[in-house]
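Novice:
Protein chains: 2
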Amino acid sequence: MAEKTTIKRSRQRDAIVAFLKTRKDHPTADVVYQEIRTIIPNISLGTVYRNLAQLSERGDILRLPCDGKMDHFDADIRPHYHFICNRCGCVKDMELPYANNMDELAGNTFDGIITKHNLLFEGYCKECM
Amino acid sequence: MAEKTTIKRSRQRDAIVAFLKTRKDHPTADVVYQEIRTIIPNISLGTVYRNLAQLSERGDILRLPCDGKMDHFDADIRPHYHFICNRCGCVKDMELPYANNMDELAGNTFDGIITKHNLLFEGYCKECM
DNA sequence: TTAAAATTGATAATAATTACTATTTTCAAT
DNA sequence: ATTGAAAATAGTAATTATTATCAATTTTAA
Chain R
89 MAEKTTIKRS RQRDAIVAFL KTRKDHPTAD VVYQEIRTII PNISLGTVYR NLAQLSERGD
149 ILRLPCDGKM DHFDADIRPH YHFICNRCGC VKDMELPYAN NMDELAGNTF DGIITKHNLL
209 FEGYCKECM
Chain P
89 MAEKTTIKRS RQRDAIVAFL KTRKDHPTAD VVYQEIRTII PNISLGTVYR NLAQLSERGD
149 ILRLPCDGKM DHFDADIRPH YHFICNRCGC VKDMELPYAN NMDELAGNTF DGIITKHNLL
209 FEGYCKECM
């Protein structure tokens, strides 16, 4: 039952995490791939996808769904909201306080269990205005 | 400049809108396709995608992005929030009041223009609990 | 009725992501 | 340090959802 699975470190995964920590712009999988390739030239794109998925499932990074566009990834795991520019596609942090009680509040009027919420703002960033 | 484009009605598009209006569960494009096929057997999947895109761009229906899963479509165009079940994937309406001032509020702490926001709740529906 | 433009069905193409598999790497127990 | 089982990888193939293409059909204003 309890699928015990030992996690072993890898140079590739360490590099992905280290790279994400240097960036504030929440790169996509393909950007991570291109950048890591400058360090580990023969890393596979599948490896990048696999590790981004594993890391976000473990809670070591955040996966940011962006309304149909490609997911972005964030090494800052503190819950916070994001903005996506409809022109250039950049993703930025919002300074709004995170609504910790939002799920509980929403649950009061919902027949089921609410485990989380995702709030994404859209518009145009200052560079695109 | 102003791309004036006359819209002509079509049996296929009328059928898609009519179908969506009979449903409260916000179907995906492929569900729309399967259902419309019982009325118009040789309708093309491309036609369904094309019309769902056109209709949502015109504001006649809502496109609901669902955190990486397939988009769902809603004939009820009054702004409201949604929930997606992480087990069965169903999408349901939330009864929460829509925050009309959210974009303006968020704009106060953001250097750019915010045109809209998308709030999606996740968890388990009552059938899946 | 007619003709220009929108729409369609059928199919091909694309883009993003996942699956597969033989090989390599990691690491706990010797 | 050595070993061996499990995890991870590179490279590639396959899949999935969606969009593009285009000749033929349909719509609608004049």
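As given, the protein sequences belong to chains R and P, one line each in that order. Per this note's numbering: the first sequence = residues 89 to 217. Per this note's numbering: the second sequence = residues 89 to 217. Every residue gets a Cβ at the ideal spot worked out from N, C-alpha and C, and that includes glycine. As the structure is a computational prediction, the values presented were derived from the model and not from experiment.
Is the shortest distance between the beta-carbon of R:Gly177 and the beta-carbons of chain P less than 8 angstroms?
Specialist: What you label residue 177 of chain R is simply residue 89 of the first sequence in a count that begins at 1. In terms of beta-carbon proximity, R:Gly177 stays away from the interface with chain P, with every pair separated by 8 angstroms or more.
Novice: Tell me the rounded alpha-carbon separation between P:Ala163 and P:Glu145.
Specialist: Position 75 of the second sequence, counted from the start, is the residue given in the question as residue 163 of chain P. Position 57 of the second sequence, counted from the start, is the residue given in the question as residue 145 of chain P. Cα-Cα distance, rounded: 13 angstroms.
Novice: For R:Ile202, return the contacting residues in chain P, with the cut-off set at a CB-CB distance below 8 angstroms.
Specialist: Reading the first sequence from its first residue, position 114 is the one you call residue 202 of chain R. Chain order gives the chain P residues near R:Ile202 as Phe171, Phe209, Glu210 and Gly211, where near means a beta carbon separation below 8 angstroms.
Novice: Look at P:Val105 and P:Ile124 and say whether their C-beta atoms are less than 8 angstroms apart.
Specialist: Within the second sequence, numbered from 1, the residue matching residue 105 of chain P stands at position 17. Within the second sequence, numbered from 1, the residue matching residue 124 of chain P stands at position 36. Cβ distance not < 8 angstroms, so P:Val105 and P:Ile124 don't count as in contact.
Novice: Count the other CB atoms, across all protein chains shown, that sit within 10 Å of the CB of R:Ala141; report buried if there are 16 or more and exposed otherwise.
Specialist: Numbered from its first residue, the first sequence carries residue 141 of chain R at position 53. It counts as exposed.
Novice: Does the distance from the CB of P:His160 to the CB of P:Pro129 come in under 8 angstroms?
Specialist: Within the second sequence, residue 160 of chain P is the residue found at index 72, counting from 1. Within the second sequence, residue 129 of chain P is the residue found at index 41, counting from 1. Not in contact: P:His160 and P:Pro129 (Cβ atoms no closer than 8 angstroms).
Novice: For the segment 130-142 of chain R, which residues have a beta carbon sitting closer than 8 angstroms to at least one beta carbon of chain P?
Specialist: none
Novice: Which residue marks the beginning of the alpha helix (DSSP H) containing P:Met190, and which one marks its end?
Specialist: Your numbering for residue 190 of chain P matches position 102 in the second sequence. That run of the alpha helix (DSSP H) goes Met190 to Gly195.
Novice: Does chain R have any CB closer than 8 angstroms to the CB of P:Pro115?
Specialist: Here residue 115 of chain P corresponds to residue number 27 of the second sequence, with the count starting at 1. So no, P:Pro115 is outside the interface.
Novice: Identify the contact partners of P:Lys96 in chain R, using a Cβ-Cβ distance below 7 angstroms as the criterion.
Specialist: Residue numbering aside, residue 96 of chain P sits at position 8 when the second sequence is read from its first letter. Residues of chain R passing the Cβ test: none, with the nearest at roughly 27 angstroms.
Novice: When you compare only the Cα positions, how much space is there between R:Gly200 and R:Ala187?
Specialist: Taking the first sequence and counting its residues from 1, one reaches residue 200 of chain R at position 112. Taking the first sequence and counting its residues from 1, one reaches residue 187 of chain R at position 99. Rounded to the nearest angstrom, the two C-alpha atoms are 20 angstroms apart.
Novice: Is the Cβ-Cβ distance between R:Pro167 and R:Asn206 less than 8 angstroms?
Specialist: Within the first sequence, the letter at position 79 stands for residue 167 of chain R. Within the first sequence, the letter at position 118 stands for residue 206 of chain R. No, Cβ-Cβ distance for R:Pro167 and R:Asn206 is not below 8 angstroms.
Novice: For P:Ile172 versus P:Asp155, is the C-beta distance shorter than 8 angstroms?
Specialist: Position 84 of the second sequence, counted from the start, is the residue given in the question as residue 172 of chain P. Position 67 of the second sequence, counted from the start, is the residue given in the question as residue 155 of chain P. Yes, these two residues count as a Cβ contact at 8 angstroms.
Novice: Taking C-beta to C-beta, are R:Leu108 and R:Ile149 nearer than 8 angstroms?
Specialist: Counting from one through the first sequence, the residue named residue 108 of chain R turns up at place 20. Counting from one through the first sequence, the residue named residue 149 of chain R turns up at place 61. The criterion of a C-beta distance shorter than 8 angstroms is satisfied by R:Leu108 and R:Ile149.
Novice: Which chain R residues are close to P:Lys214, counting only those with a beta carbon under 8 angstroms from its beta carbon?
Specialist: Here residue 214 of chain P is taken as the residue at index 126 of the second sequence, counted from 1. Going along chain R in sequence order, the residues near P:Lys214 (Cβ under 8 angstroms) are Asp199 and Gly200.
Novice: Who are the near neighbours of R:Phe127 in its chain, counting only those whose CB is closer than 6 angstroms to its CB and skipping five residues on each side?
Specialist: In the first sequence, counting from the first residue as 1, residue 127 of chain R sits at position 39. Looking at the sequence itself, residue 127 of chain R is Ile, so the reference to Phe does not match. Contacts found: Ala103.
Novice: Answer with yes or no whether the minimum CB distance from R:Leu150 to chain P is below 8 angstroms.
Specialist: Numbered from its first residue, the first sequence carries residue 150 of chain R at position 62. It does not: the Cβ of R:Leu150 has no partner Cβ on chain P nearer than 8 angstroms.
Novice: Using the rule of at least 16 other Cβ atoms within 10 Å of the residue's Cβ for burial, across every protein chain shown, is P:Gly147 buried or exposed?
Specialist: Residue mapping note: residue 147 of chain P aligns to position 59 of the second sequence, counting from 1. Burial call: exposed.
Novice: Does the Cβ of P:Thr116 lie closer than 7 angstroms to at least one heavy atom of the ligand COA?
Specialist: The ligand COA is not part of this structure, which contains no ligands at all.
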